[in-house]
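Chains A and B, in that order, give the protein sequences.
When we follow UniProt numbering, the leftmost residue of the first sequence carries the number 1, and every step to the right adds one.
When we follow UniProt numbering, the leftmost residue of the second sequence carries the number 1, and every step to the right adds one.
Here a beta-carbon is modelled for each residue, glycine too, at the ideal position from N, C-alpha and C.
Right, one structure below, let's go through it.
2 protein chains.
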Amino acid sequence: MRNQKVGFDYSPSKVGCPVETTLDVIGGKWKGIILYHLIDGKKRFNEFRKLYPAITQRMLTLQLRELEKDGIVHREIYKEIPPKVEYSLTEFGRSLEPIILLMKDWGETHKNRIINARAIEKEEI
Amino acid sequence: MRNQKVGFDYSPSKVGCPVETTLDVIGGKWKGIILYHLIDGKKRFNEFRKLYPAITQRMLTLQLRELEKDGIVHREIYKEIPPKVEYSLTEFGRSLEPIILLMKDWGETHKNRIINARAIEKEEI
DNA sequence: CAGGATCCAAATCGATACTG
DNA sequence: CAGTATCGATTTGGATCCTG
């Protein structure tokens, strides 16, 4: 299976409201985080893994590839030994910055509220 | 303390960057769309189904319930026959409006680009 | 009308092992 | 270092039937 997708299917016939387009690009489980960390500069593969140990190697690879295919992320390969690959936002990718930053603000402000809501939810089960 | 934790909880909303919190709330496959349609007023269950035939009854129910539990959506039940249920944004939910609207703008602007990128991707398979 | 319940298929994820 | 490959587990989705 050489083309497993981690994002959503996006055949044109399914395209509905514009919000869906955006969520399709940044809504993957780890894409927002990847994008967020790319805002302050390029990152290497293992830098991401240190920043976010919870994401597996496999998922990181898959999500980066999709962002690359959507033209959001640029992948620069240095032909050295040991290998070195740097990921950065493309110009197009930068157009997502305002959204990511707004999401960051919202998350910072309301994180505890969400955590509480979900904790209560669990107690009730 | 009835909620003492022995290990560390790695559930997304408790750890990591704030962007993840936000995506956790609005990133569900249909949540963005639901939220988008709620911005311009309350909606009934079957109204959503007409606006978005692609979403199944089951998925609509599940996603609405999650938004409700997170305090984003309010569910008003009218005890009538036939039954009537209206969904609306809570005050808290309204704090997400700027993000949703920004996502809508981005989607409108770049929709075609994304569709093309993914069309090419498919040709290559 | 607005769903709940059930069952099954498909998509997605994670752990592990391996490689240029 | 930066990945691939593989496999089993989990999650999610869809179809169908049922109900107050």
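Euclidean distance between Cα positions of residue 89 of chain B and residue 93 of chain A: 30 Å
In DSSP terms, what residue 52 of chain B is bridged to: The partner list for residue 52 of chain B (beta bridge, DSSP) is empty, contrary to what the question assumes.
Euclidean distance between Cα positions of residue 66 of chain A and residue 116 of chain A: 33 Å
CB contact check: residue 41 of chain B to chain A, cutoff 8 Å: no
Residue 63 of chain B Cβ short of 7 Å to the ligand MN heavy atom set: You won't find the ligand MN in this model; it holds no ligand whatsoever.
Where residue 86 of chain B falls: helix, strand or coil (DSSP): strand
Residue range of the alpha helix (DSSP H) that includes residue 33 of chain A: 31-39
Whole-angstrom distance between residue 61 of chain B and residue 87 of chain B, CA atom to CA atom: 11 Å
Beta-carbon contacts of residue 100 of chain B that lie in its chain and below 6 Å, excluding the five residues immediately before and after: 35, 36
Beta-carbon contacts of residue 40 of chain A that lie in its chain and below 8 Å, excluding the five residues immediately before and after: none
Chain A contacts made by the segment 18-37 of chain B, where a contact means CB separation under 9 Å: 18, 19, 20, 21, 22, 23, 24, 25, 26, 27, 28, 29, 30, 31, 32, 33, 35, 36, 37
Identity of the residues DSSP links to residue 77 of chain A by a beta bridge: A:85
C-alpha distance - residue 58 of chain B paired with residue 45 of chain B, whole-angstrom precision: 11 Å
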